[in-house]
């Protein structure tokens, strides 16, 4: 199995070779192709290389979490925890400031519309 340094080196070499497609036309001067066909094939090769780069980048983004984003989310989580604690404390303070109401045990008969004997 290759180490991460070896993988990075291999990826860099592959990227350098693959990115050469953007600077030189490999189909230029081919005996079986007209200049227009060579240009069209070169554009297709460049488009295919862009698609490969896009696939590689999306795999990198989906496979490993963004460390910076994770650290920012942890900070946000801490702040939200503090805000929630302060909110609960302020609600508790408001509830405690209200005077205690005396329970009413009397029954209001004016609302009672049931038939009485």
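In this note's numbering, the protein residues as written are 4 to 120. Quick reminder that beta carbons are idealized off the backbone N, C-alpha and C, glycines included.
- Rounded to the nearest angstrom, the gap between the Cα atoms of residue 99 and residue 86 is 20 Å.
- Taking a C-beta distance under 8 Å as the contact criterion, residue 52 and residue 92 do not qualify as a contact pair.
- In this structure, the beta-carbon distance from residue 36 to residue 30 falls below 8 Å.
- The continuous alpha helix (DSSP H) containing residue 90 extends over residues 70–100.
- When only Cα atoms are considered, residue 48 and residue 63 end up about 23 Å apart.
- For residue 56, the enclosing alpha helix (DSSP H) has its first and last residue at 38–66.
- Excluding five sequence positions before and after residue 73, none of the CB atoms of its chain fall closer than 7 Å to its own CB.
- Taking C-alpha positions only, residue 56 is separated from residue 96 by approximately 57 Å.
- Spanning the alpha carbons of residue 77 and residue 66 requires a straight line of approximately 20 Å.
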